[in-house]
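First comes the structure, then the notes that go with it.
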Amino acid sequence: RLEQLGPKQHPVEDFEVVQKPSQEQITKLALLKAYFELVSDVEVRNELFVFTGQGAFGINTGESIGIHREMLEVGFDEAIQTFTHEMAHNDTMDHGLYFVKMEEALFTATSDRLYAIAQKAMEGKPLTEMEKTLLSIEGRWDELLKKPDQIESETGQTR
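First residue of the sequence shown: 558, per this note's numbering; consecutive thereafter.
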């Protein structure tokens, strides 16, 4: 279905699905999905995959969302922005006004949810398990980004 995206959308040269993603890549896709669902209250029904190639860093075929392998090696904020962008394509494949409004709504929902949690924490109110999980995801991502020698030097353990 990649060819259905057309040249105006997210062109990718030398596109290839990673057939055997690493456990780390699978975990990072799961973190993106979990964070997105918790922060936006929107269920991710798309299948997720990792791809390589030149061009776009995310692809939405309508049934599945692909995240470029390189996006799994950047900071969480950049990766979740790409994931959110692709989720906004679930309702429209172009980048027209409807898409822009959808993407804005998703980013606003994220901001609103995080602000509400921050307010709650600042007031000394206990956080729910969902809120604690949401706030822990970026830290888990950062741990996965660390190179094995960094983890060994910090913890005395190897990965």
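The C-beta atom is built at its ideal place from N, Cα and C for all residues, glycine as well.
Beta-bridge pairing of residue i - partner residues as DSSP gives them
i	result
Leu663	None; Leu663 has no bridge partner.
Asn603	DSSP, once it has assigned bridges, lists no residue as partnering Asn603.
Ile624	Val607, Gly615
Cβ pair residue i, residue j closer than 8 Å
i	j	result
Asp697	Val596	The amino acid at residue 697 is misidentified as Asp; the sequence shows Arg. No, Cβ-Cβ distance for Arg697 and Val596 is not below 8 Å.
Thr641	Phe664	yes
Leu605	Leu586	yes
Glu643	Ile622	yes
Leu701	Tyr592	no
Glu627	Asn603	no
For residue i, the first and last residue of its enclosing beta strand (DSSP E)
i	result
Ser693	Not the beta strand (DSSP E): Ser693 falls in the alpha helix (DSSP H), residues 686-702.
Phe723	Not covered by the structure: residue 723. The range shown for the chain is 558 to 716.
Where the alpha helix (DSSP H) containing residue i begins and where it ends
i	result
Ser597	580-597
Secondary structure of residue i, DSSP reduced to three states
i	result
Phe633	helix
Met650	coil
Lys658	helix
Lys677	helix
Glu711	Below a pLDDT of 50, predicted positions are generally treated as unreliable, and Glu711, at 48, falls in that range; no measurement from the model is reported.
Cβ pair count under 8 Å reaching 3, the region 574-581 against the region 602-613: Yes, since at least three Cβ pairs between the region 574-581 and the region 602-613 fall closer than 8 Å, the two stretches touch.
At least 3 beta-carbon pairs within less than 8 Å: the region 614-625 vs the region 634-653: The region 614-625, when compared against the region 634-653, does touch it at the 8 Å Cβ threshold.
Segment contact, 8 Å Cβ cut-off, at least three pairs: the region 653-660 with the region 680-697: Not touching, per the Cβ criterion.
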